[in-house]
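**Student:**
Numbering (my numbering), first residue to last: 1144 to 1335.
Written out as structure tokens, the structure reads:
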């Protein structure tokens, strides 16, 4: 299992695999001291998960996309983020539990900025458009579902569509983590 401090740092890269961060930029975003952030970044670099570059007196860290284990690490971090989310929102996981498509949350719930009256923005990527009208009524939830076929979503990824960009930047995957990572890796970032 990934150490909690590693999860807190690596989670910052889920919205942009090519993002570069410096230690001071993480203060307030992760619940670690400045010293703990610096040490954790160094540890992750030693493990080969991050690589760094210096610019002036600042050291910037990015995912080591050449590491053969980085995609699996991203998948683990996505799963840990899911677990963290569903411990507070079990009903959502229950509604979508039998779905084999990619299912995720975006919008205010993914950003943890939801209000009492916020609707839950869900995205589903797959080839059959099963709607969850009955389940949503049963649990009395205000859920807004955005459905994409796989072909449509991959096309929008390549085009860098604003909605897909928003979903990539702030999402919590409920199901289909590995499919998601592979699609984003290849079609959004153009990586092999």
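Note that CB positions come from ideal geometry on N, CA and C, so glycine has one too. If you're wondering where the values come from, they're calculated on a predicted model, not measured in any experiment.
Quick one: what's residue 1247 bridged to in DSSP?
**Tutor:** Bridge partners of residue 1247: 1266 and 1316.
**Student:** In chain order, what residues of the same chain have a beta carbon less than 8 Å from the beta carbon of residue 1213, not counting five sequence neighbours either side?
**Tutor:** Closer than 8 Å at the Cβ level, and outside the excluded window around residue 1213, lie 1192, 1206 and 1207.
**Student:** Can you tell me which of the three DSSP states residue 1155 falls into?
**Tutor:** Three-state DSSP puts residue 1155 in a helix.
**Student:** What is the residue span of the alpha helix (DSSP H) that residue 1338 lies within?
**Tutor:** With the chain running from 1144 to 1335 in the structure shown, residue 1338 is simply not present.
**Student:** Suppose contacts are defined by Cβ-Cβ distances below 9 Å. Is residue 1316 in contact with residue 1221 by that definition?
**Tutor:** For residue 1316 and residue 1221, yes; Cβs fall inside 9 Å.
**Student:** Using the C-alpha atoms, what's the distance from residue 1290 back to residue 1268?
**Tutor:** The straight-line gap from Cα to Cα measures roughly 6 Å.
**Student:** I want to know whether the stretch 1253-1260 touches the stretch 1276-1283 - three or more CB-CB distances under 8 Å.
**Tutor:** Too few Cβ pairs lie closer than 8 Å, so no.
**Student:** Locate the alpha helix (DSSP H) running through residue 1206, then write down its first and last residues.
**Tutor:** Residue 1206 -> not in any alpha helix (DSSP H); beta strand (DSSP E) instead, spanning 1201-1206.
**Student:** Kindly confirm or deny that the stretch 1179-1186 and the stretch 1145-1158 touch, where touching means at least three C-beta pairs closer than 8 Å.
**Tutor:** At 8 Å Cβ cutoff, the stretches touch.
**Student:** Are there 16 or more other CB atoms within 10 angstroms of the CB of residue 1333, so buried, or fewer, so exposed?
**Tutor:** The residue is exposed, with fewer than 16 neighbouring Cβ atoms inside 10 Å.
**Student:** Suppose contacts are defined by Cβ-Cβ distances below 9 Å. Is residue 1152 in contact with residue 1187 by that definition?
**Tutor:** In contact: residue 1152 and residue 1187 (Cβ atoms closer than 9 Å).
**Student:** Determine the closest residue to residue 1163 out of 1202, 1170 and 1253, with distance taken between C-alpha atoms.
**Tutor:** Taking only the C-alpha atoms, the option nearest residue 1163 is 1202.
**Student:** Just how far apart, CA to CA, sit residue 1307 and residue 1185?
**Tutor:** Looking at the two C-alpha atoms, the distance is approximately 32 Å.
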